[in-house]
Every structure is written in structure tokens, then in C-alpha cells.
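Q: Residue numbers (this note's numbering), protein chains in the order written: chain A, 1 to 467; chain B, 1 to 467; chain C, 1 to 467; chain D, 1 to 467. For glycine and all other residues, C-beta sits at the position ideal for the given N, C-alpha and C.
Number of protein chains: 4
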Amino acid sequence: MSLNSRNLNVDHDKSSWKEECGVFGVWNHPQAAEMTYLGLYAMQHRGQESAGIVTSDGEKLHLHKGLGLVSDVFDSYKWNDLPGKSAIGHVRYSTTGQNLLINAQPLKADVRGKPIALAHNGNLVNSLELRENLQKQGSLFQGTSDSEIFLHLLSRIGGDNWSQTLPQALEWVQGAYSMAWMGVDRLVAIRDPMGFRPLVIGRFSDSSWVVASETCALDLVGAQYVREVEPGEIVTIDSRGLTSTQFKKSSKKAACVFELIYFSRPDSQTFGHHVYEARKKFGESLALESPVDADMVIPVPDSGVAAALGYAKQSGIPFEWGIVKNGYVGRTFIQPLQGMRDLGVQIKLNPQKALLKGKRIVVIDDSLVRGTTSKKIIQILRDAGAQEVHLRIASPATVSPCYYGVDTPEKSELIATQMDLEGIRKYIGADSLAYLTLKGLFKGLGENEETFCAACFNEKYPTRVNT
Amino acid sequence: MSLNSRNLNVDHDKSSWKEECGVFGVWNHPQAAEMTYLGLYAMQHRGQESAGIVTSDGEKLHLHKGLGLVSDVFDSYKWNDLPGKSAIGHVRYSTTGQNLLINAQPLKADVRGKPIALAHNGNLVNSLELRENLQKQGSLFQGTSDSEIFLHLLSRIGGDNWSQTLPQALEWVQGAYSMAWMGVDRLVAIRDPMGFRPLVIGRFSDSSWVVASETCALDLVGAQYVREVEPGEIVTIDSRGLTSTQFKKSSKKAACVFELIYFSRPDSQTFGHHVYEARKKFGESLALESPVDADMVIPVPDSGVAAALGYAKQSGIPFEWGIVKNGYVGRTFIQPLQGMRDLGVQIKLNPQKALLKGKRIVVIDDSLVRGTTSKKIIQILRDAGAQEVHLRIASPATVSPCYYGVDTPEKSELIATQMDLEGIRKYIGADSLAYLTLKGLFKGLGENEETFCAACFNEKYPTRVNT
Amino acid sequence: MSLNSRNLNVDHDKSSWKEECGVFGVWNHPQAAEMTYLGLYAMQHRGQESAGIVTSDGEKLHLHKGLGLVSDVFDSYKWNDLPGKSAIGHVRYSTTGQNLLINAQPLKADVRGKPIALAHNGNLVNSLELRENLQKQGSLFQGTSDSEIFLHLLSRIGGDNWSQTLPQALEWVQGAYSMAWMGVDRLVAIRDPMGFRPLVIGRFSDSSWVVASETCALDLVGAQYVREVEPGEIVTIDSRGLTSTQFKKSSKKAACVFELIYFSRPDSQTFGHHVYEARKKFGESLALESPVDADMVIPVPDSGVAAALGYAKQSGIPFEWGIVKNGYVGRTFIQPLQGMRDLGVQIKLNPQKALLKGKRIVVIDDSLVRGTTSKKIIQILRDAGAQEVHLRIASPATVSPCYYGVDTPEKSELIATQMDLEGIRKYIGADSLAYLTLKGLFKGLGENEETFCAACFNEKYPTRVNT
Amino acid sequence: MSLNSRNLNVDHDKSSWKEECGVFGVWNHPQAAEMTYLGLYAMQHRGQESAGIVTSDGEKLHLHKGLGLVSDVFDSYKWNDLPGKSAIGHVRYSTTGQNLLINAQPLKADVRGKPIALAHNGNLVNSLELRENLQKQGSLFQGTSDSEIFLHLLSRIGGDNWSQTLPQALEWVQGAYSMAWMGVDRLVAIRDPMGFRPLVIGRFSDSSWVVASETCALDLVGAQYVREVEPGEIVTIDSRGLTSTQFKKSSKKAACVFELIYFSRPDSQTFGHHVYEARKKFGESLALESPVDADMVIPVPDSGVAAALGYAKQSGIPFEWGIVKNGYVGRTFIQPLQGMRDLGVQIKLNPQKALLKGKRIVVIDDSLVRGTTSKKIIQILRDAGAQEVHLRIASPATVSPCYYGVDTPEKSELIATQMDLEGIRKYIGADSLAYLTLKGLFKGLGENEETFCAACFNEKYPTRVNT
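This is the structure in C-alpha cells:
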């Protein structure tokens, strides 16, 4: 959680734990492109590398996308070039490389003469096989993203009504996909049968609808939250209204628990939980499981704030802003200064010496991935005069990569796969270290472990994966 | 206070209460320009419109300045073009207009053949007269800033050793000035006799020194805090070390109390106070003076955070993040969306509906200037379902403009000059409203009102002013 | 012809007669990307809207392309990101629209798992049918360019060795295509059976080769001209050297005569002719066919210069620079000045009053398309005091659009389809007007009309076309 | 001369012979800023490094200036920010350095409370003394340009009516100055007593006037040429019309002969001469003085074109475009290609092999400064197969630097000060080499040497100089 909705560049350990995407769609609104712009802006934390919008004016689709933040891509853009009353949009984090634009979304193509666009959050686990098969049949791939596969499948299956043939296409794919599709005359929202990634429905009126990855986008555009798109559901919105099809059932559900721990904005309702409250609960559970005698609880800003408030509440130890973040970090790139000591963390975070000196500190962070940043934070707290530094992590130890739409480090780079708890404690230099248990996490949430994917913590992948 | 050091664009009411400048200087450091860059970066909150650095290589001064944030101005800048082991730098907020660059600082000029540069924080109260007099004597002004006057005075007085004639020049000026001067062979720091604006000394070693408006800049460059430059003191640093001259004594001291309330970074030590602690104390005093029966205390992010923590602590009412700030605001300009409802506050701040619904809320902000933003914030809290909204302001009512280096609205735009307390309460739509008293403020601070300037609250200007 | 190689923005009537593309390829050169950059730079006049380079390092293809001039697209580009000893490149003129980048070339795709790139000059006449057929079979088109069709055909045909299956793919296409293809291990150059567009081979050594649309590119990279790629020929260059296949024979040849009139650079050898000399000859023929009693011959800069020199030589009338072009036009965009008289031509071209006053002038231009610019030029010559203005056009009247890779106006916008000669003369305000006859043109060239396409003048399209 | 008005980057030897400035002014025109923009655009060849405009709305002066071409500086500029019916403007070439903007013109300052702006072409010869004296009296210089001196002198002299005290200020300065001044209520044009630099008057009507460095600017804005501003004349234009004062008489006149040889646009009337015709005459004189038996005359584009036409006419040898210039050079920066042979000249100029092979060539250029570019051009002509290359220079040997507003190389870098004619011929590799004599130059011009400054050729400086 955060006072800020989150700031990629500041967020330390999570620089290696990247959200893949946010999707948005709007149906029948006089300012469809502008609404999509706002919706994407509210979900900027879900992807900072590219942004795009496709509108439908009833006859044609209009696309603009580019590299950069939402406001960069659409900065001087004339809304006149994105006419129409319906639209979908996408923000994307993507791996580096020169030709990023080719993977920027929404993707748009002519499928059997009909223009279709697609915005996708998630990752398929059988994309390599599908790609090879399609190529053998003569399909020509332009980019490297999983998402292009959906279009090729649809094109190959054919048929006059693309949203009716969609279920056939979806038979082939396995993995995580929360998607918004746009045709000239319809908006379609789809969530995979296990429901890895969030996707919600909102509305302006009975004839004007919104879909979005997070509810914070509904808040900003002023739409009312209706419900989640269900796992395995296709929601079609057109001039006749909203219709729903359950294209596939899965007894196993696999909502990504990391959305609640770190990805989603604290002010979103994700998988039915108020994210901020969930994080506070994680903090409370953590205080119960791993108490410590200390003078103050401080968060790693911004990701540890909610859990720290929970920890403080449960433990009775005062909550303090022990570390101040430079508000201009993230807005601006600080170029490397030749020959200087590493400023990595210091340039972003300044510990409050006067507050910390001689004190016993509990530091709360949401997760621990590589350990390098935690090590630095503990060091600057000690340099600032802290007498004891106890690190408490409001989630379990991360031990395995994600294959469902999160760009995680190699397994060998996850510190918890390389050292035991005491080893990690020594490495990061804390006086004590504790993780929240998975049991404690779900208890805090009041949920059954079975409805979530927690593979990054327990290696129980809900699907086969290519490891 | 803030988790973030502050973010101009987000800060609401204070969009009309602008800090003027930050100054920095470094003597005898192998990376003088880079250190100055970092120092300015740490003080970016003191001015976002222009930035500049002047270095001395012992023979010449080298200047680079430009419009924009520190990292914009120096983005592709080659440090090789700013050679030398000493430097001064400046960040500036300035009024709008096309020719801003001419007023960007440091100013540099040849004074009787010797290159001198100057970085100034503050405003003079007799600049118009001085300017007219100098023009009558043939001085040619390029820009419109007060700061140019110092150079003209020095030029007119003449003499071989400019820092020795400086006191004569300073005889003429009245008002606020905390300054760093750079000659090829010396760094000079000066603070006006009443000490309106902060200025501190730090050091790397016995032969390497730093001066800065705030201690957060010392923290980032890794220098040790030594002491404040005293009111009426000229500190000269050259190859022989640091020497001090008291050029003028004033029995009245006038440290700007608003530095502690809002301007300075929470992690700075300003006028001997840890700013964060001071703000927490203001919140505690406020809770004592104006208690309210409520379910939670929430801050207006980011400026009300520290005071809200103090209020919560004193009152025992739980502290909550009731409002989440979009972390991308400020980084990016959201272009006006034609024909849409005003998104001013909403695009920056999202109230947490699930948390606030049906609750009695105390909202804490650091100050109340025009009232327009408070009105909007209270509205979005009510829209989010809050049952009661009580606004508590951690400083007194602002009733008069500043003439000492803060860009304030006209007196008539200060809401407290137009309405009584009940009128303001109604206008902003709060269930109750209370300010911290001036007495409560100084009590929280543990200081005597006489050593501060609080003219914006009590109209007691420490100097004559041109109203 | 021109002193300058040509300047899109200055060229007046031809703003509606646009070259489509230039292609370049290099095999086995230590600076393949740089050479391609230079080759494209020399052919910048063939396309100003996008530029791209694909290199092969023997294992992978590396692509960079973008919108703008060659030097814009590669401005800050690190050659390190385009490694390898072989490359192809492309410059493109394309129709307006927001998503130009998707049509920028070279195109690159995985064809049955093998990376292939393609740079194409020309247009197909059966692209709509091909596209529809391919879509029916499940092919997914990303862009709207003809060139993508080649890749889909190749992908559909399949086979292990793409350059061996290429002839099968080419069976399907009709129209103009001069192309360079790049695989990881080969460079392939292809020219359609009628040879509409130019394509030449050059070499650095027996193992290092170049292909290019024009010889001016060979000059700049320092390669030696070898020969044209023949109509219907596939030239494959790989580690075993250069091999040639005649994939199709056509008795009809159709070299585009407009390349010699306007498109090619004057210093190129195109279709075996020195373009500058050809244009001078057109001017000489024109002087023989349509003499006039006058004081001086002046060119419309830059396109009429060579023909004007020929006209002056044949007629004995002195050649003069009657019109001076502003050398900064084209480099810079002059924004519309509200409420001012149309500056269209005047801002680019200034007639030399002192030279023209009271004189009888023959103005030479290379072609006459819409007539609007000629009208303006004649007007400014009269305003400058010319007594008589006789317009002579060094090509026949343009009466029909091109379907082979030139972006021409609608037939109804071609002035010669709307008025007879006298009507045009009156419209443009000349004292007399004459075109070069097609017979005179080919006589000047010393060529048989049968080996050229002159459909824009005589409507004899060498293929079926979709009119 | 040139088909193009000229192109800095292409012009070779003259990259070390730089024009200083162009000035423009307009009085009482409803689109004063736009007119000034166009006037500067027409004179862009006189300065490419900065551009600026000051307008008067009758009460205030409004300034915008910046680094770059006219169209860059005013690209997105809203004319609304430059209100008023009168304006002056300036284009500047200036030496390199980071703080160029401080020297960009027009300069604007408050002189005794009155806003005045100044645009200056030329250089003073006693600026160092003046500067020192003014500094001793307390004047503070911001920049390093001569032009600032005028403002300081005026400020020091004082008086209520600045244009009446101007003659007193001008008493002090020596050297070259053609200037436009703007006050809120007047436009003043001044030319130094010897008239080094050109300055002309034009008019729209009896109450609306223009001043400009060259007549090509009058042509573009559509004003009528009236006359030159006379040497030693102050022309004041205000609401009462145009009045003239002769502030100083000088028997010696010193019009810069290089304006006719190279600087001015060929389509300008400078010092009463049509520049294009003058250059043709230089070519004719050159042919008479230094004939050669050859097959063709070719110009170095663009600067040698007019003289080459004259040489061809007089000699009867055919004129040919032997060298084609890439029309995109100058528009775009070609970045250095690591490890490649020097492309300096080749990238700009391509010799027409087919034309030159086996031929005896006379190459005409306007001047020869360092010789390095001529050497390269002769080399590429030989590489193209030319049998003989004879270089003819349409001006005398350059032997001495300019102190009047042209940025020339050091004397020691002028090749004619280092070698005799035969030495230069060998160095550049020509079969023969000849300069036009100074006598021949003035004969061609039909003028008396006494009214011109030809110090760069004969070292007869019309004033004392600081060598």
C-alpha cells in the first residue's frame, strides 16, 4: 500500500518483480477516448513502458499507441483522431529491447476482413507450441508477445462472427488472460477459467459500460462498480446490452495473491478485497506471528506503509515515518555520477536521523525478493544511528518465479532459494528477520488458500508450466 | 510532512503558496559540480522552474543553467563543461512569463573585471527604490529579479576585493537574503540580519565545506552538519579555511515559521528543529486545542501526514490512509479534457471508499490558504460515504501576504480575510473546522514568538513593507 | 535535375507526385549498417517519411526503423545495436495517417521459424485479391502495405529454403517490385519481370556486394557499378558468391520513364542513362519542337535546371538563374501565419527582379501535374516585371495516374484531363505553353517507346489495373 | 551565388568565414511579429545560431529569442505573446560556447526606466577599452557581445529622450554597426559613418515602414524598396513619420566587398548592386584575366554558380552541373561514422562521373580561404575521371582577417599567407589556379575601390584595429 499509488523507479526490490499490464474498455460514452485515457492513467502503476488506445466509431477502429507513460504517449494527441463512442486501452510493462513498439498494445488486425483490437493482461504457458503450430500452417508473426496468438487463432478458425468463434480459439490456450476486445460493434471482456488476473465491470448507465483491471480506474472515470468478470466468462457488450457466456469451467481458482500483497493500488477492490485493508491485516498477522520489542514501527515507503500501520496497531508500538522519500525520484532520471559511491537507495530514501538515533526499529516491507535493497535500507538506518533494526516482511519468502504475467527474476536470484532465514538475516544485516507465513497471510485475508495462486511462495503451479 | 519530500503539482492549496528558492555551495571537492547537482536535487521542492550551477576552476567561472527540474537542466550535460573544485547552485520557483531564463540563477557577471556569481533565496523590501536609484546612475538592468541589485551595488562601490566591500553593499538592502556567492578563489555565504530564510554549513573535512538551504542536502551529499549561518553573518571560505564576520546585528530575529509548517522537507533540521517532529507537535497541540469525537484521523497527502500522526497520537483516534495519491501525478501533465467535469483533485487523490463509508473523519492539513482545494477534498470524502468530516488545520489562519521570498496570493484571495470561521466552515462544507492557534503553534515548538516571523498569521512584519 | 539532389518540400507541383521508396542492400562489409545508412542518405529523395535498416550477424536479424529522415531515425542510434556484416535498408514515402510506423520498412517476420526481412519499391496491382484470399486462409495482416503480401505468400507456401520457394510466391503477384531481401545467411535482390523500378548491383570486392535503387548510392558508399538487376531476375548473394535465376520472362519491358524525367537523382545512371544528360536532351528536343523568341531561359528550381540548360544550349538563348530558392525551405517548417496572403510559393522562391524586369522569359519545368504551382510561379515572375512568360514543359501532358509505386493525384486533378492546351495556358497565365511530345522525349533518349512504361502520358498500362 | 540562397553546412571553405548577423524592423503593421519572422527567415543565411523578435505594443516591449533557426525558435510560439504593431528582429551567427543565449539578440534593457531593444550587425574595434571604462564606472556586463556596450553608453549618458542622446553615445564607438532599435514609441535605424554593413529601408505605405539588412527580406514581406540607410545616418520612424539625422560624416566609405562576393543572397540589391549580376561580372572578369582551354565550366555549388555562368558566357565554354549537391545536407546532421574514410565533402557533393570522364574542367568558386575543401573537391573530380582540373577563384587571395563583423580564421590559417600561388596550386592539386585581381573585381563592379572595404584582400583597414 502506499500514500502514493506506487512509483516504479522508487520501488526497490520490486524493480525485479514487474507487473505486466492493465486493460480498460468503455462502451457507448461520448468521450470514450478521454475516459480510456483516464482509466489508463489511474492504472499507470500496472505498466509504464507503453500505452495505447483503440476506439470504434461504429465503422472503423482507430489506434494510437506509443512508448512511455500514458501522458507522454497522448501528450499532444488530438482526441479528434480517436473518434467514436467505444474504446479499449492498455498499459504495458515489457522487457527491454529496441523494438518495443511492435509489442505495445492494443494489438489491432484485420481478421477475415473485420478489424479487431485486443488488450491483454497475463501470460500463456503454452505459447511456444501454439506459435510453432501456427507458423507451420503459414501464420506470420510480427512481434514476440503471447497476445498475438489470440488473433492468429481467431483468424485461422474463421467464421462470420468473431466473438462467437472466440470460445473455440480459447480452447487452445492455457495460462492467464484477462482481456478487453474491441470490434466495430462490440466490446468483449474475457477472463481465463482460473481467474489469475483481476478484471472488473463498471457502469455509467444501463447502456454505457466500463471494464478495467482495477476499480481505481472506475473511481477516476466516475463509473459505478458492478462486479468482477468471472473466471471463464465472456462478457459481450453491444447495442443490445450486456450478455454473459461461461465458456469454460474450472474447479480450481487461482487469483494472484501478489495482487493483494503488492501489485494492485491500495484503493482498489481486487478479488473482492479492499487492498489497503488486506495489507493492514497482513501487518497485523505479522505482528502476532513475529513480535519484537521495539521503539517504533517504520515502513519502507511506499510499499510497506499499510502493513506497517497494521503491525503498529496490533503491537501497540508507535508508527513513524522513519524514512522520507524524495518526491522527485521517478519523475526524473538521475544520471550516474562517475566515480561516486553508489547512490542507488540514498538518492530516493533519506532516513530521519533525529528520529532514529539510538532507537530500536521494526522496518516493514511488503516482500523480499533479491535482498539487495533491504540490505541497503538497513545500512542507511544503521548509519542514521538506529540501535536495532528488525525487518518484518508482510508476505512469505519468495521461492519460485511466476509464469502468469509477472516478470520475475530467475529462481537462482531469489534470495530465499539461496540461503536459509539466518543466512538472509546476516546478509541483509538485520538484528532479526521474519516473514509472514502463508497460513498467516490467508488468515489475515479470511480466505481459503485453494482459491488463490501462491505459486511464488509454495511452488504449487495451478497449470503445467515450462520450467 | 510527507512520505514524499513533496510534490508541487499535487499540493493543492499550496499551489498558491510557493517557495522561492534553494541555494547550495561546495568548496574544494573533486566533484564540485556533481555534489551541487545532488544538493539541488535534494532541495528540488524549493523551486521547480529553473536550476543552475556555477563552478570555479580557480581561474574562471563556468555557468550552466536552464528552465525545468534539476535533472532536466543537467540531463545530457557533460560535467566536463563545469570544471573546478568549488561550485554554487540554485533552484528557483518564479512567476510565469516568457523570459524566465533571464531570471534563472546563479547570476553571473563581471564586477570590475572579476567574475562573480550569486545564488539568492529571499526577497528585498526596498528593491524598487534601489533599482531606480541605480538606473539613475546609469546601471543597466537585464532582468527583473531582486538578486541583480546585489551585483549592481557591488559594482558601483568598487574596490579591489569584492568580499571586503560586500558589507558596504549590504548596508543598502533591506529584507530577506540567504545567499551563496562564488568568486574564482572563494565561496561566501551570507544571511540577512534577521535570518528570515535558513542557511546551514556542513563539511566533508577541514578543508572541504558545504553550504545549503536545508540539511537534507547535506545528507544526500554525505556531508556533516556543522551549524547555521547566523543572522547578519558573512562566512568566507577560501584556501585559508573558513572565516566569519558579523556584518550587522539585529536584536529582532525573524525565522520564517512557514518553513517549519510547510516549506522545508520533513527530514531537514531547520532553525534547529527537526521539521517532522515539529509538525507532529503541531498536530498534538491541535488535538489538545480542538478535539473531536471521530473514528479515524486522515491526512491530506502529503502535506498533512506528520501533523495527522501527532493528532492521532494525542487523541488516541486511529490514523488511516484515507486518501491515496496517484504516484504519477506531478511526473506528467494531464491535459485538460474538453467538456469534462473538473478533475482537478480527483485525478490526484482518490478517497478509500471502503474505509471511509459511514465513518466520522478528522482530516488534517498543514494550512488553509484559499480554501478551494479543501472544499474539493471534503466533497470527495463525502462522495465516498464519510458520515462526518472535521477539518483541522495545523497552523493559524493565513491573513496576510509574505514579502520575504514566498509567492503568496493577494490578501483578498486569502479566505480568512474574507470570512469568519463559521463562514469558511460553511464554504468548504465541513462539519467542523479549527485552526491551530499561534500560541499553540509556538508551544508545540517550545519557542518564543519573538524569534520568528509569523507575519502571514499575525501581520507583524519585522521590517517596513510596501503594501 | 537539380543542383540539389532534390527537396521534397520545395518541389511544388510534385508535392502531388510522390516517389514511393528506395531500397539498399550490402553483403559482407565490416560496416554494413553504416554503409546502408549512407546508401539511404544518398537516396533520401526517394522517400522522406520513414527509414529503416535490418542487419544480419549470421544468426539473427536486427531491425531499427522509425518515422522521419534517415538522419533523424538513426540520429542517436548506436551502431552496436545493428551488428553484422550484411544489411538491407529502406526509405519510404507514404500516405498520411497516424500509424505510419506499421508500414515503415524493412518488414521483418518469422517465416516458418526463419527470420526474414524485406525492403520493397513499387506497387502490386492485384494486392486486394491476394489480401482477401490470404485472409480467408487465416493470414493476419498487421499493416496496409502491399509488401506484407510477399511475406504471407512465402509463409503459406512454406518449404525449408525460402529463397527457393520465392519464385512460387512471385507467381501470384502482379505489378511493380524492385526488392532487397535479407535472411541470416543471404541477401536477395529481385526485380519484377517488366522492370518498372530501377535496381542496380555494385561491388566492393568479389565477396562484398551492394544493391541499390540508384547508382548515386553506390557513389557515396564507394562501390563500383556492375550492372542492373534484370527484369524477372532473382540475384542471390551468399557465402558462395552471387548467383542469378531468371524466375520469369516477359517480352514487354516497362521501365518507368518518370524516373528519368523527375524521380532519379541527376547524377544517377538509371536504366542505362545518365539522368542529367537525359534531361538536357529533353530540353534540347523541347527547344527544337517548341522554340520561342525570348531574352533568357530560366529553370524552375531545382527540377527544371537540366532541361533548361538543354533548352538554352539548343536555342542559343542565355541561361539565367531567374528564381532563387530559399536554402532553408525544407529544413524547417514555416507555420501558417494567420490572416496573411498565401505565401506558398513566395516563401520558397524569389524571382530576381533586377534580372527579369522588362524581359521575355522562357521558364522550363520538368512536368506539369495540377497546374497550381506553375500558375503561382508565372504570377511572381510577372510581378517581378517580366514582359513575357513562356512555359515549356520537358515532358508530355500528364493524363493518367500511376499504379506502379508512385502516389499520383486522382485523374480528375490532373489539369490536362480537364482542359485543352489553350485552357491550361489561360489558367496558368502564360503567354505561351508547350509540352515535349512523347515522341520527342524518346527521341531525346534515343530509346524505343516499347521498353518503357509511359502510362501516365499515354494511358497504355503494361498490366491490367484496377481503375 | 546560388540556386539556393545558401546553406551553411554545405558551404565548405566558408565554414570558417561566417556572417555575423541580419537585422530587421517593421513599423506600424498589423502583423508586426509575423512580418519580422518572415524577414528573418529570408535572411536566415546571415545567422543560424540564434533568432529573436521584440515587439512594441505602444506601452511595453515583448521579447522572445532562442537558439536555433528562425523556424525552430518560433516554432510553437504563439504570436499572441508578441503583441503590437512594431517590431525588430535579429538572426545571429556566434562562436561556440554553452551560454550562447545570453548573447542572442535583440538585447533588451531598461535604460533609465525606459525599455529599449537593440539588434546589431557588425563589430566594434574599440570594444575592449569601452568595456573596461564602463566597468570602472560601475557598469555591470551580462554577456560578452559588443552590442551590450551601446546600451551601457546610453544608460550612462542619460537624458529623457534616448534617441536624442544616441548621437552622444555613438561618439564613443568605432567600427561597424548597422542597427535597428526599438522603443515603445519609435523604430530607429542606424548605420556607422563608413557604412561597413548593409541596411536598407522599405515601405508598405506612408505610415508603415521596414528596415532590413538585405532587400530579399523586403521581397518576402511584400514591401517596396526605398533606399539604403546612409553611412552616418540615424533614421527615426514614429507616429509622425520618418525623419533622418546625419550624426557623423566620414569621407572614407567602407562597404564590405565580401557581401557582394559571398555573404548577401544573390537576389538582393546590396550597396546598389544586384548581387547575382555582380557575381556574374566577377566571373566574366576572371575569364578575361585567366582564360583556360577546357571542355566545360562547372561551379562549386552553390557559392560558385553565378561566377561560373559569367565565366562560361565570357569564355564560350559550356556551363555544366558537374557536381550535384545532396539536397538533404544541412537539414540533417550526419553523425561521424567510426573508422570510415573522411566523408566530409563526398556526403554533400557528388561529381557526375558520366559527364566529367576524360574532360578538361574549369571549376569556379567564389573565394579560397583555407584551401582544404578545394583540395577535396579537386580530388573527387579527378576520382570521377576528369582529365584536367583548373580552379578559378572569383575574388582575390584572402590574406587578412576581418574586424568588422565577420568571423574569420586566424591570419596563419589563410592559405594565401602561407604559400605562393604555385604552392597553393600544388597543395590543392589543380592543373592551374588563378584568382580574380582586386582591380578586375572592381572593374567588374564598375566601382571605385575607395568606397569599399577590401581589407581581407589588401590589408588596408579603414579604421585602427587591434591586431
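Return the residue from the list D:Leu154, D:Arg370 and D:Lys281 that minimises the CA-CA distance to Leu445 of chain D.
A: Out of D:Leu154, D:Arg370 and D:Lys281, D:Lys281 has the C-alpha closest to the C-alpha of Leu445 of chain D.
Q: Closer than 7 Å by beta-carbon distance: list the chain C residues that pair up with Gln44 of chain D, in chain order.
A: Within chain C, the residues near Gln44 of chain D are Tyr328.
Q: Rounded to the nearest angstrom, what separates Val363 of chain D and Lys348 of chain D at their Cα positions?
A: Answer to the nearest angstrom: the Cα atoms are 17 Å apart.
Q: Taking one C-beta from the region 445 to 455 of chain D and one from the region 254 to 273 of chain D each time, how about it: are there three or more such pairs within less than 8 Å?
A: As far as the Cβ criterion goes, the region 445 to 455 of chain D touches the region 254 to 273 of chain D, which means the pair count is three or higher.
Q: Interface residues of chain C around Asp267 of chain D at Cβ under 9 Å?
A: Chain C residues near Asp267 of chain D: Trp321, Ile323, Val324, Asn350, Pro351, Gln352, Lys353, Ala354 and Leu355.
Q: If you follow the alpha helix (DSSP H) that Trp162 of chain A is in, where does it begin and where does it stop?
A: It spans Trp162 to Trp172 - the alpha helix (DSSP H) in which Trp162 of chain A sits, taken as one unbroken run.
Q: For Phe196 of chain C, which option in C:Ser250, C:Trp181, C:Glu422 and C:Ala169 has the closest C-alpha, if you only look at C-alpha atoms?
A: The option with the nearest alpha carbon to Phe196 of chain C is C:Ser250.
Q: Taking the alpha-carbon of Gly440 of chain B as reference, which of B:Lys411, B:Thr417 and B:Gly283 has the nearest alpha-carbon?
A: With distances taken between Cα atoms, Gly440 of chain B lies closest to B:Gly283.
Q: Is there a C-beta anywhere in chain A that falls below 7 Å from the one on His274 of chain B?
A: True, the Cβ-Cβ gap to chain A drops below 7 Å.
Q: Can you tell me which of the three DSSP states Gln135 of chain A falls into?
A: Note: Gln135 of chain A maps to helix in three-state DSSP.
Q: Cβ of Thr95 of chain C less than 7 Å from any chain A Cβ?
A: Because the pLDDT at Thr95 of chain C is just 49, under 50, the model does not fix this residue reliably, and the point stays unresolved.
Q: I need the straight-line Cα distance from Val73 of chain D to Lys114 of chain D, nearest angstrom please.
A: Those two C-alpha atoms are separated by around 26 Å.
Q: Less than 7 Å separating the beta-carbons of Asp160 of chain A and Asn350 of chain B?
A: No.
Q: Can you list the residues of chain C that Phe141 of chain A reaches, using a CB-CB cut of under 7 Å?
A: Under the 7 Å cutoff, chain C gives Ala109 and Asp110.
Q: Which partner residues of Arg227 of chain C appear in the DSSP bridge assignment?
A: Per DSSP, C:Ile201.
Q: According to the neighbour-count rule (16 or more other Cβ atoms, all chains shown, within 10 Å of its Cβ), is Gly140 of chain A buried or exposed?
A: Reading off the sequence shown, one finds Leu at residue 140 of chain A, where the question assumed Gly. Result: buried.
Q: On the three-state DSSP scale, how would you describe Ser50 of chain B?
A: Reduced to three states, the DSSP call for Ser50 of chain B is strand.
Q: In this structure, does DSSP put Gly195 of chain B in helix, strand or coil?
A: Three-state DSSP puts Gly195 of chain B in coil, outside helix and strand.
Q: Please classify Pro396 of chain D: is it buried, with 16 or more other beta-carbons within 10 angstroms of its beta-carbon, or exposed?
A: Answer is buried; the Cβ neighbour count reaches 16.
Q: Between the region 401 to 419 of chain A and the region 288 to 304 of chain A, do at least 3 Cβ pairs fall closer than 8 Å?
A: Contact between the region 401 to 419 of chain A and the region 288 to 304 of chain A is absent, because fewer than three Cβ pairs lie under 8 Å.
Q: So that I know if they touch, is there some Cβ in chain B lying closer than 7 Å to that of Asp219 of chain A?
A: Judged by the 7 Å Cβ criterion, Asp219 of chain A is in contact with chain B.
Q: Ala416 of chain B versus chain A: which residues are under 8 Å apart at the beta carbon?
A: Those within 8 Å of Ala416 of chain B in chain A number zero; the least Cβ separation is about 28 Å.
Q: Quick one: grab the DSSP three-state call for Arg370 of chain C.
A: Coil.
Q: State the DSSP-derived secondary structure class of Asn121 of chain A, mapped to helix, strand or coil.
A: Note: Asn121 of chain A maps to strand in three-state DSSP.
Q: By Cβ distance below 6 Å, which residues in the same chain neighbour Ala119 of chain A in space, the five residues on each side in sequence not counted?
A: Around Ala119 of chain A: Val23, Ile88, His90, Gln105, Pro106 and Ala180.
Q: Residues in its own chain within less than 6 Å of Lys460 of chain C by CB, not counting five upstream and five downstream?
A: Excluding residues within five positions, none has a Cβ falling inside 6 Å.
Q: What are the uninterrupted segments assigned as beta strand (DSSP E) that are 3 or more residues long and contained completely in the region 255 to 329 of chain C, given in chain order?
A: Here the runs fully enclosed are 296 to 299 and 323 to 325.
Q: So if DSSP puts Thr243 of chain B in a beta bridge, which residue, or which two residues, is it bridged to?
A: Note: Thr243 of chain B sits in a beta bridge opposite B:Thr236.
Q: Is it buried or exposed for Pro30 of chain D, if we count other Cβ within 10 angstroms and need 16 for buried?
A: Exposed, since its Cβ has fewer than 16 Cβ neighbours within 10 Å.
Q: Please determine if the region 302 to 310 of chain C and the region 370 to 380 of chain C are in contact, where contact requires at least 3 C-beta pairs separated by less than 8 Å.
A: The region 302 to 310 of chain C is not in contact with the region 370 to 380 of chain C.
Q: According to DSSP, is Leu151 of chain C part of a helix, a strand, or is it coil?
A: Helix at Leu151 of chain C.
Q: In angstroms with no decimal places, state the Cα-to-Cα distance between Glu289 of chain D and Ile317 of chain C.
A: Answer to the nearest angstrom: the Cα atoms are 25 Å apart.
Q: Going by DSSP in three states, Gly89 of chain A sits in which element: helix, strand or coil?
A: Gly89 of chain A: strand per DSSP, three-state reduction.
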